[in-house]
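Trainee: Below are the structure tokens for one structure; questions will follow.
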Amino acid sequence: MKYFSDTEQGEKERVSEKITKDIHNGIVAIYEKYASKNAFSESAGVSCPDVPGICGFDKKRFFQLVKAHIPKLDLDDSERIEYNSDKYIILDFIQFCYSHVKKATTSAHIPYEYGLTGNVISATSYTFDESDSGKESFRNDINTLFRRNGIIFELKETGAIERTIPLGLVPLVSKLYTTKDVELNKLVKEAFERFVQSKLEDRTVALEKIWDAFERMKTYYVGKKKKESIEELIKEVSNENEPYSKLLDEEAKALTNIGNDFRIRHHETGKNKIMDNNQIDYFFYRMVSFMSLFLKCLENK
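In case it helps, our numbering puts the sequence shown at residues 28 to 328.
Here's what the structure looks like:
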């Protein structure tokens with residue numbers, strides 16, 4: 028759904044990764060909406076008395092499953108999910124729900140005798156849609172909530188939660204390169220895959236992988252020393268433009284120093300620690316901007 032304000036004023040910039048209490052409550056409300064529709068009943072359903080089939084949703088059983096997968100998730104006295112400032116808890120809960128949601132459809136009203144009275148009552152039995160239409164609806168609700176609040180995360184069709192990338196940078200950090208160096212291509216691909224993940228640990232690995240790719244690229248010309256190889260690469264890219272060649276040489280040295288001085292490829296004490304995702308973004312985009320010049324050139328050779 029696109030709101031009027033999105034059309035008139037533009038969508039909110041997606042730069043925040045903080046799950047506030049209001050956003051948390053919105054996510055819980057989405058869960059409750061699908062729970063009320065029996066969308067989780069195939070995984071945690073109430074069995075119909077005396078007859079086969081699932082007749083409803085067993086909330087207690089569902090949260091037993093949730094707690095087994097997300098031990099840090101807590102319920103308050105009214106059995107609602109308690110707010111926690113650790114965003115990963117609620118993001119994991121979203122993924123858990125997504126993996127279990129299925130659209131429930133009424134299959135039959137089953138009559139049965141109730142207890143000693145012998146009164147005949149009926150229960151509604153459900154079947155569950157295998158077409159993933161329930162998943163698509165759930166995903167759209169979550170992503171609309173994220174988008175409206177400028178949250179950087181997005182729930183993907185695969186069930187992964189990834190960080191969104193500014194539109195102008197998408198081509199830069201999503202292209203798969205096919206140079207003659209297969210290992211170089213693999214390092215770049217893994218760096219890109221890790222970079223869009225939600226957890227800081229994955230994105231830290233992405234930074235390490237892209238710096239490893241940079242060091243690998245510097246030795247692209249087999250048989251030459253690293254210094255000679257990178258000089259050859261710069262010569263290829265600069266097209267005999269001396270000022271541009273000098274600029275690229277200085278940037279290559281600066282990036283090498285960043286990799287050595289910060290805790291990217293080396294983790295000894297005394298290395299500068301990278302503190303947050305904004306710093307990861309800066310270093311990653313800077314490195315990828317530089318490397319893309321060379322990788323495009325090597326693809327065309």
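Idealized CB from N, CA, C, for every residue including glycine.
Rounded to whole angstroms, what's the CA-CA distance from residue 63 to residue 56? Just pull it up for me.
Mentor: Position 36 of the sequence shown, counting from 1, holds the residue named residue 63. Position 29 of the sequence shown, counting from 1, holds the residue named residue 56. Cα to Cα, the separation comes out at about 10 Å.
Trainee: Indicate the three-state DSSP secondary structure (helix, strand or coil) for residue 181 in the structure shown.
Mentor: In the sequence shown, counting from the first residue as 1, residue 181 sits at position 154. Looking at residue 181 - three-state DSSP - the assignment turns out to be strand.
Trainee: Are there 16 or more other CB atoms within 10 angstroms of the CB of residue 95, so buried, or fewer, so exposed?
Mentor: Here residue 95 corresponds to residue number 68 of the sequence shown, with the count starting at 1. Label assigned to residue 95: exposed.
Trainee: When DSSP labels each residue in this structure, what does residue 115 get in the three-state scheme?
Mentor: Here residue 115 corresponds to residue number 88 of the sequence shown, with the count starting at 1. Of the three classes helix, strand and coil, the one that applies to residue 115 here is helix, per DSSP.
Trainee: Measuring straight from C-alpha to C-alpha, what distance separates residue 244 and residue 290?
Mentor: Translated into positions along the sequence shown, residue 244 becomes position 217. Translated into positions along the sequence shown, residue 290 becomes position 263. For residue 244 and residue 290, the distance between alpha carbons rounds to 20 Å.
Trainee: Determine contact between the segment 262-270 and the segment 199-212, defined as no fewer than three beta-carbon pairs at a distance below 8 Å.
Mentor: no
Trainee: May I ask you to report which of helix, strand or coil DSSP gives residue 169?
Mentor: Here residue 169 refers to the residue found at position 142 when the sequence shown is read from its first residue. Correct three-state label for residue 169: helix.
Trainee: Between the Cα of residue 274 and the Cα atoms of 317, 183, 99, which residue gives the shortest distance?
Mentor: In the sequence shown, residue 274 corresponds to position 247, counting from 1. Of 317, 183, 99, the residue nearest in Cα terms is 317.
Trainee: Please say whether residue 93 and residue 85 have beta carbons closer to each other than 8 Å?
Mentor: Sequence index remark: in the sequence shown, residue 85 carries index 58 (1-based). Sequence index remark: in the sequence shown, residue 93 carries index 66 (1-based). Not in contact: residue 85 and residue 93 (Cβ atoms no closer than 8 Å).
Trainee: Distance, Cα to Cα, residue 222 vs residue 82?
Mentor: For the purposes of this step, residue 222 is taken as the residue at position 195 of the sequence shown. For the purposes of this step, residue 82 is taken as the residue at position 55 of the sequence shown. The alpha-carbon atoms of residue 222 and residue 82 are separated by roughly 43 Å.
Trainee: Taking only runs that begin and end inside the segment 186-234, name each unbroken alpha helix (DSSP H) of 4 or more residues, in chain order.
Mentor: 209-222
Trainee: What is the DSSP secondary structure of residue 120, reduced to helix, strand or coil?
Mentor: Your numbering for residue 120 matches position 93 in the sequence shown. In this structure, residue 120 counts as helix in the three-state DSSP scheme.
Trainee: Provide the residue(s) that pair with residue 74 in DSSP beta bridges, ordered along the chain.
Mentor: Taking the sequence shown and counting its residues from 1, one reaches residue 74 at position 47. DSSP lists 81 as the beta-bridge partner residues of residue 74.
Trainee: Does DSSP put residue 126 in a helix, a strand or coil?
Mentor: For the purposes of this step, residue 126 is taken as residue 99 along the sequence shown, with counting starting at 1. Residue state, collapsed to three classes: helix.
Trainee: Checking 8 Å against the spacing of the C-beta atoms, do residue 133 and residue 153 come in under that value?
Mentor: Taking the first residue of the sequence shown as 1, we reach residue 133 at position 106. Taking the first residue of the sequence shown as 1, we reach residue 153 at position 126. Yes, they are a contact pair.
Trainee: Is it buried or exposed for residue 60, if we count other Cβ within 10 angstroms and need 16 for buried?
Mentor: Start at 1 with the first residue of the sequence shown, and residue 60 comes out as number 33. Exposed, since its Cβ has fewer than 16 Cβ neighbours within 10 Å.
Trainee: Using a 10 Å radius around the Cβ and a threshold of 16 neighbouring Cβ atoms, would you call residue 67 buried or exposed?
Mentor: Taking the sequence shown and counting its residues from 1, one reaches residue 67 at position 40. Buried is the call here.
Trainee: Using the C-alpha atoms, what's the distance from residue 79 back to residue 143?
Mentor: Position 116 of the sequence shown holds residue 143. Position 52 of the sequence shown holds residue 79. Because residue 143 carries a pLDDT of 47, less than 50, the predicted location of this residue cannot be relied on, and the following value inherits that uncertainty. Roughly 20 Å between the two C-alpha positions.
Trainee: Could you give the first and the last residue of the continuous alpha helix (DSSP H) run that contains residue 261?
Mentor: Looking up residue 261 in the sequence shown gives position 234. Per DSSP, residue 261 belongs to the alpha helix (DSSP H) from 253-265.
Trainee: Let me make sure I understand the geometry here. Which of 241, 258, 251 has the alpha-carbon closest to that of residue 285?
Mentor: Position 258 of the sequence shown, counting from 1, holds the residue named residue 285. Ranking the options by Cα distance to residue 285, first place goes to 241.
Trainee: Rounded to the nearest angstrom, what separates residue 313 and residue 151 at their Cα positions?
Mentor: Position 286 of the sequence shown holds residue 313. Position 124 of the sequence shown holds residue 151. For residue 313 and residue 151, the distance between alpha carbons rounds to 59 Å.
Trainee: Between which two residues does the alpha helix (DSSP H) containing residue 42 stretch?
Mentor: Taking the sequence shown and counting its residues from 1, one reaches residue 42 at position 15. Here residue 42 belongs to no alpha helix (DSSP H), and DSSP marks it neither H nor E.
Trainee: Which value, in whole angstroms, describes the spacing of the CA atoms of residue 310 and residue 281?
Mentor: The sequence position of residue 310 within the sequence shown is 283, counting from 1. The sequence position of residue 281 within the sequence shown is 254, counting from 1. One C-alpha to the other measures close to 11 Å.
Trainee: Since residue 102 sits in a beta bridge, which residues does DSSP pair it with?
Mentor: Stepping through the sequence shown from its first residue, residue 102 is reached at position 75. In the DSSP output, where bridge partners are listed per residue, residue 102 has 108.
Trainee: Quick one: grab the DSSP three-state call for residue 143.
Mentor: Position 116 of the sequence shown, counted from the first residue, corresponds to residue 143. In this prediction, residue 143 scores a pLDDT of 47, lower than 50, which makes its location untrustworthy; no coordinate-derived value is stated.
Trainee: Mind reading off the beta-carbon distance from residue 180 to residue 173? Whole number of angstroms is fine, and I expect it under 8 Å.
Mentor: As a first step, residue 180 must be located in the sequence shown, where it is residue number 153. As a first step, residue 173 must be located in the sequence shown, where it is residue number 146. With 8 Å as the limit, residue 180 and residue 173 qualify as a contact, their Cβ atoms being about 6 Å apart.
Trainee: With DSSP collapsed to three states, give me the class of residue 152.
Mentor: If you number the sequence shown from 1, residue 152 lands on position 125. Of the three classes helix, strand and coil, the one that applies to residue 152 here is strand, per DSSP.
Trainee: Which class does residue 131 belong to by DSSP, given the choice of helix, strand or coil?
Mentor: Walking along the sequence shown from the start, residue 131 turns up at place 104. Looking at residue 131 - three-state DSSP - the assignment turns out to be strand.
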